[in-house]
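Structure first, commentary second.
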Amino acid sequence: MTQRMAIESNLRYAAFGSVAGTYGTGLVNPNPGRAIPLVHFNGTADDRVNWKDNNPILPFEHFVGDMIDFWVANNHCDTTSVITHLPDVAEDGYTVDHLLYGGGADGSVVEVFKVNGAGHVWLKDNADINYANELWKIFSRYSLSQASVNDVWKSTFQIFPNPAQDRITIVTDNTTDRQIVVYDLNGKIMLKPELPLYKQVDISCLPVGLYLVRLDNQIKKLAIIR
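Heads up: the sequence shown begins at 2 in this note's numbering, then just goes up one per residue.
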């Protein structure tokens, strides 16, 4: 669920953290639309969500290694990680490697905590790593008020008319084809039309209400009335 939110409904959140779960194979050609700071935790002995295909895995999820490759590419991070071995201080039978893929767009990173020997578990105070504490560390570093993230909310393109009824026109100074995405206020994708300059968009299928229209990394509000 967290991975899908990061891919499809990330406008309301600055960063994401997932534990022992990747994104589903049913998400065809996933495109988050921006760089997403993300941290992930997984045990190497997890027989439900595993790193590679040498152990059983749920058939509808990608392997952890594939998921990491996806986010590193999406965020334009360094493809080689900086690896740190966490102190092995607890008698929990595990060791923990921290993989940091830095240098991403808009200050984004991909962080992975690889827990060697751990299964499908949530680790806390009696282990070498406390998942909740590490999640807070990355969440506390990012905010939608930060310049690198706040740029997403700037609106330089125009929507006519607004409020609208059945059709809108998107006006921008870029003559190439652009990706428009229309979200509801919960971040759910409602429309994804491909459109060139001054293209009209049919919105007659959308109920009356308020929406967010994203053009690349820019957002504008749209009201639909009838």
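Idealized CB from N, CA, C, for every residue including glycine.
None of these values were measured; they are calculated from a predicted model.
| Asked | Found |
| --- | --- |
| Alpha carbon to alpha carbon, what distance is there between V73 and G188? | 23 angstroms |
| Just how far apart, CA to CA, sit V202 and P164? | 14 angstroms |
| Name the DSSP beta bridge partners of K222, please? | L213 |
| So if DSSP puts F114 in a beta bridge, which residue, or which two residues, is it bridged to? | F42 and H99 |
| Figure out for me which residue from H121, S109 and G22 has the closest Cα to the Cα of G66. | G22 |
| Do the stretch 13–31 and the stretch 39–53 make contact, defined as three or more Cβ pairs closer than 8 angstroms? | yes |
| Taking the alpha carbon of I69 as the reference point, which residue from G104, C206 and E112 has its own alpha carbon closest? | E112 |
| Determine the contact status of M6 and F17, defining contact as a CB-CB distance below 8 angstroms. | yes |
| By the DSSP assignment, the beta strand (DSSP E) with V202 in it spans what residues? | Q201 to D203 |
| Might you give, ordered along the chain, the residues of its own chain that have their beta carbon closer than 7 angstroms to the beta carbon of G104, omitting 5 neighbours on each side? | C78 and D79 |
| With DSSP collapsed to three states, give me the class of Y184. | strand |
| Are the CB atoms of V214 and I226 nearer to each other than 8 angstroms? | no |
| Flag this pair as yes or no: are the beta carbons of I130 and V40 separated by less than 8 angstroms? | no |
| Do E62 and G25 have their C-beta atoms closer together than 8 angstroms? | yes |
| So for E92, helix, strand or coil by DSSP? | coil |
| For I8, does the count of other Cβ atoms within 10 angstroms reach 16, so buried, or fall short, so exposed? | buried |
| Is the CB-CB distance between G243 and V182 below 8 angstroms? | With the chain covering only 2 through 227, there is no way to say anything about residue 243. |
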